[in-house]
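Chains as they are written, first to last, in the numbering used here: chain W, 2 to 253; chain E, 22 to 420.
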Amino acid sequence: MATLEIRGLTVTVDVEEGTKEILRGVDLTVKSGETHAIMGPNGSGKSTLAYSIAGHPKYTVTGGTVTLDGEDVLAMKVDERARAGLFLAMQYPVEVPGVTVSNFLRTAKTAIDGQAPKLRTWVKDVKASMDALRMDPAFAERNVNEGFSGGEKKRHEILQMELLKPKVAILDETDSGLDVDALRIVSEGVNRAKEGTDIGVLLITHYTRILRYIRPDFVHVFVDGKIVEEGGPELADRLEAEGYDRYLATQA
Amino acid sequence: MSLLAQKTPEATAGSHEDSAAAFVPDQSRAERRTSYAVDDFAVPGGREEEWRFTPVDRLASLFQVAPTDTGKLTVDVQSPDGVTVSQVDPRSAGVLVPADRASVVAFAGEAQATRVSIAAEAELTEPVRITVTATDLARVNGHLVVDAGHHSKATVVLTHRGSAECGANVEIKVGDGADLTFVTVQEWDDDALHVTQNDALIGRDARLRHIAVTLGGEIVRVSTNARYSGPGGSFEGLGVYFADAGQHQEHRLFVDHEAPHCHSNVEYKGALQGDTAHTVWVGDVLIRASAEGTDTYELNRNLVLTEGGRADSIPNLEIETGEIVGAGHASATGRFDDEQLFYLQARGIPEDVARRLVVRGFFASIVARIGVPEISEHLMEVIDAELGAVPGIATEDVA
Chain W
2 MATLEIRGLT
12 VTVDVEEGTK
22 EILRGVDLTV
32 KSGETHAIMG
42 PNGSGKSTLA
52 YSIAGHPKYT
62 VTGGTVTLDG
72 EDVLAMKVDE
82 RARAGLFLAM
92 QYPVEVPGVT
102 VSNFLRTAKT
112 AIDGQAPKLR
122 TWVKDVKASM
132 DALRMDPAFA
142 ERNVNEGFSG
152 GEKKRHEILQ
162 MELLKPKVAI
172 LDETDSGLDV
182 DALRIVSEGV
192 NRAKEGTDIG
202 VLLITHYTRI
212 LRYIRPDFVH
222 VFVDGKIVEE
232 GGPELADRLE
242 AEGYDRYLAT
252 QA
Chain E
22 MSLLAQKTPE
32 ATAGSHEDSA
42 AAFVPDQSRA
52 ERRTSYAVDD
62 FAVPGGREEE
72 WRFTPVDRLA
82 SLFQVAPTDT
92 GKLTVDVQSP
102 DGVTVSQVDP
112 RSAGVLVPAD
122 RASVVAFAGE
132 AQATRVSIAA
142 EAELTEPVRI
152 TVTATDLARV
162 NGHLVVDAGH
172 HSKATVVLTH
182 RGSAECGANV
192 EIKVGDGADL
202 TFVTVQEWDD
212 DALHVTQNDA
222 LIGRDARLRH
232 IAVTLGGEIV
242 RVSTNARYSG
252 PGGSFEGLGV
262 YFADAGQHQE
272 HRLFVDHEAP
282 HCHSNVEYKG
292 ALQGDTAHTV
302 WVGDVLIRAS
312 AEGTDTYELN
322 RNLVLTEGGR
332 ADSIPNLEIE
342 TGEIVGAGHA
352 SATGRFDDEQ
362 LFYLQARGIP
372 EDVARRLVVR
382 GFFASIVARI
392 GVPEISEHLM
402 EVIDAELGAV
412 PGIATEDVA
């Protein structure tokens with residue numbers, strides 16, 4: 002049983018004109034087995050929340066706390082956060098030339114577990130996960146994200162999530178740029194991980210369509226750097242029908 | 022961000038231009054002057070085509086004839102059976118005619134050349150190892166002749182260590198049907214200057230693998246020129262380099278295809294780490310009208326690990342006949358940047374391991390191609406040391 006707890010998180014980013022406050026006091030608790038959807042308009046700070054939790058150096062935390070099972074996440078380096086059990090599926094995964102998917106996955110697994118995986122079971126696990134995500138075996142010998150299509154990059158992110166078995170995974174707009182088939186395959190991957198490992202999921206999305214495949218337990222509406230409304234899955238249906246205008250109007 | 026795209030501004034200045042796009046030095050690479058007379062080459066000022074990337078002001082001493090500081094130099098030769106080592110007249114081999122000021126000065130500075138002869142049809146089980154070690158910025162004029170007899174099979178490893186101002190010439194004669202691997206390792210101390218010209222003449226149906234490994238030295242410049250004396254010859258030019266802050270490493274290749282049905286393949290890979298690390302790769306290939314059936318490819322890849330490094334990469338291909346099997350080149354420079362680091366770290370991989378993973382992956386294929394175990398293993402050890410690596414994670418499927 003793991004708990005990611007975010008309290009009063011404020012984050013700034015350096016822009017040309019100076020320092021800009023993006024997150025203005027975020028409170029959120031994600032427990033094992035729970036799926037939380039964070040929905041909000043573009044520019045509301047959803048991705049900033051994801052990258053701040055993961056520790057991207059571009060963002061400066063100016064206040065608040067983030068803990069995972071009581072451990073101070075903000076005091077950890079990026080790789081320490083991952084080893085503590087956090088995972089960020091990125092919207093724009095970067096290319097790593099010269100490093101094959103196979104080598105990358107094994108190195109990451111070794112780092113996360115603190116020991117190299119047993120070769121035979123590892124090869125079997127990788128193959129099973131790749132098959133389930135409809136990834137060609139040749140994929141393993143390609144360089145990480147190099148020349149991948151948008152859909153391949155997202156499948157590769159979910160593949161990592163399945164294999165690395167984090168306690169809490171943050172999926173940053175994993176649905177963006179996917180056609181319906183790819184969206185379904187990727188969503189099935191997330192659902193498999195949920196069933197298999199009791200993972201807590203924080204799903205960041207602009208549109209509701211991924212929520213047809215991944216059923217959220219909680220929906221949080223994110224506007225202007227903080228959560229403005231919370232509810233169950235019915236809130237997503239309402240957003241689908243009404244859009245974000247209601248919240249934006251109250252802001253103005 | 023496409024890491025292999027040719028868009029990194031500082032890394033691609035002037036790169037990947039098919040001959041004479043940005044400058045018109047000679048009408049053809051074939052017209053470049055060669056001579057034994059020092060006065061035929063002016064002291065370079067840095068604007069000459071062949072010197073335009075080189076910090077010539079720091080090489081001034083290597084442009085003036087001076088004797089070798091024999092007291093500060095040791096040359097160790099380990100030669101297995103089937104090999105004869107002797108001192109010979111510098112002009113006796115006739116493979117190399119100096120093509121620049123540094124080469125002609127080194128030629129003039131040494132009265133004798135060291136000749137390593139591999140007997141015809143000999144198949145050596147151990148490499149010939151020649152180790153040049155100098156101290157205190159010793160002036161060294163080097164001249165090595167490697168003469169591989171017909172149908173012989175051998176590996177020759179020339180290693181440079183210590184501190185020197187070394188101008189050198191290497192002549193490699195590969196007899197008909199011979200198979201020679203020649204490795205030149207530049208593992209100098211930080212203050213060494215080294216400018217060398219390696220000329221090879223490849224016999225009928227012979228094969229030469231010329232491998233340059235440049236890791237140390239302040240300025241290292243290796244010019245490798247390959248020609249064929251008969252049809253069916255094969256030249257494989259491999260290079261691995263790793264430039265740290267303040268290092269200039271330059272590799273120039275010229276493959277002159279005149280005989281028909283010859284093959285050449287050039288692959289150089291380098292990494293740059295630290296401010297002002299500078300690497301230059303120039304790959305010229307000339308396919309003359311008579312060289313029908315030529316098959317040639319050249320490739321250069323650079324990995325810029327930190328801000329402030331600069332990689333120049335210029336492939337040039339001149340083709341005078343259409344009756345060839347193939348001719349191509351590729352050049353690309355990529356960066357290891359903060360976003361890559363974040364991505365790998367976000368998967369739990371510590372920074373030092375991430376860096377090593379990327380660099381080992383980058384070099385793995387070419388290190389495997391070197392095919393001389395003692396060189397390949399040593400190379401990966403040195404690269405790990407350069408990266409300040411920690412004992413490892415998942416390295417068994419690289420190198």
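From the three backbone atoms N, C-alpha and C, an ideal C-beta is built for every residue, glycine too. Here the structure is a predicted model, which is why all the values come from computation and not from measurement.
- Interface residue (Cβ-Cβ distance to chain E less than 8 Å): alanine 55 of chain W is classified as such.
- Every unbroken stretch of the beta strand (DSSP E) spanning 3 or more residues and falling wholly within the stretch 182-248 of chain W is given here in chain order: 201-206, 219-224 and 227-232.
- Beta-bridge analysis with DSSP links aspartate 28 of chain W to no other residue.
- Taking a beta-carbon distance threshold of 8 Å, proline 138 of chain W does not count as an interface residue toward chain E.
- Contact check for valine 177 of chain E and leucine 400 of chain E: beta-carbon distance about 17 Å, past the 8 Å limit, so the pair fails to qualify.
- In the three-state DSSP reduction, proline 336 of chain E falls in the strand class (E or B).
- Sequence-distant Cβ neighbours of asparagine 286 of chain E in its own chain, meaning closer than 6 Å and more than five residues away, are Glu257 and Tyr318.
- The three-state secondary structure of glutamine 116 of chain W, taken from DSSP, is coil.
- Any Cβ of chain E closer than 8 Å to the Cβ of arginine 216 of chain W would place that residue at the interface, and such an atom is absent.
- For isoleucine 387 of chain E, there is no enclosing beta strand (DSSP E); the residue is part of the alpha helix (DSSP H) that begins and ends at 372-391.
- Rounded to the nearest whole angstrom, the CA to CA distance from lysine 110 of chain W to proline 252 of chain E is 52 Å.
- Taking 8 Å as the cut-off, the beta carbon of lysine 93 of chain E is found closer than this to the beta carbon of alanine 159 of chain E.
- Across the structure, proline 98 of chain W and tyrosine 364 of chain E are spaced so that their CA atoms are roughly 13 Å apart.
- Each residue's CA atom was taken as its position, placing histidine 164 of chain E and glycine 409 of chain E some 35 Å apart.
- Taking 8 Å as the cut-off, the Cβ atoms of valine 222 of chain W and valine 229 of chain W count as close.
- Taking the C-beta atoms as reference points, isoleucine 39 of chain W is found no nearer than 8 Å to leucine 184 of chain W.
- Within the stretch 105-118 of chain W, the residues whose Cβ lies closer than 8 Å to any Cβ of chain E are, in chain order, Phe105, Arg107, Thr108, Ala109, Thr111, Ala112, Ile113 and Ala117.
- Straight across, the Cα-Cα distance linking valine 96 of chain E with threonine 152 of chain E is about 6 Å.
- Judged by DSSP secondary structure, lysine 166 of chain W falls outside any beta strand (DSSP E); it is assigned neither H nor E.
- If one requires a minimum length of 4 residues, no alpha helix (DSSP H) run lies completely within the stretch 67-93 of chain E.
- Only buried fits serine 173 of chain E, as 16 or more other CB atoms lie within 10 angstroms of its CB.
- Scanning E:Gly115, E:Trp72 and E:Val166 for the CA closest to the CA of threonine 105 of chain E turns up E:Val166.
- By the neighbour-count criterion, in which a residue is buried when 16 or more other Cβ atoms sit within 10 angstroms of its Cβ, alanine 406 of chain E is exposed.
- Take leucine 320 of chain E, set aside five residues on each side of it, and the residues of its chain with a beta-carbon closer than 6 Å to its own are Glu288 and Ala351, in chain order.
- Note on leucine 83 of chain E: 16 or more other CB atoms within 10 angstroms of its CB, so buried under the neighbour-count rule.
- The C-beta of leucine 120 of chain W has fewer than 16 other C-beta atoms within 10 Å across all chains shown, which makes the residue exposed.
- Comparing alpha-carbon positions, the option among E:Pro281, E:Lys290, E:Trp72 and E:Asp210 lying closest to arginine 381 of chain E turns out to be E:Lys290.
- Judged by DSSP secondary structure, aspartate 316 of chain E falls within the beta strand (DSSP E) whose first and last residues are 316-325.
- Note that the C-beta distance between proline 94 of chain W and glutamate 158 of chain W is below 8 Å.
- For the pair threonine 198 of chain W and leucine 240 of chain W, the CB atoms are not nearer than the 8 Å cut-off.
- DSSP places isoleucine 404 of chain E inside the alpha helix (DSSP H), whose first and last residues are 394-407.
- DSSP links lysine 174 of chain E through a beta bridge to E:Glu144 and E:Asp200.
- Here asparagine 43 of chain W is exposed. Its C-beta has fewer than 16 other C-beta atoms within 10 Å.
- Looking at E:Gly196, E:Lys194 and E:Asn162, the one whose alpha-carbon comes closest to that of histidine 181 of chain E is E:Asn162.
- In terms of Cα proximity to aspartate 173 of chain W, the closest of W:Lys155, W:Ala194 and W:Pro167 is W:Lys155.
- When the alpha-carbon of leucine 378 of chain E is set against those of W:Val62, W:Phe105, W:Glu22 and W:Thr63, the nearest one is in W:Phe105.
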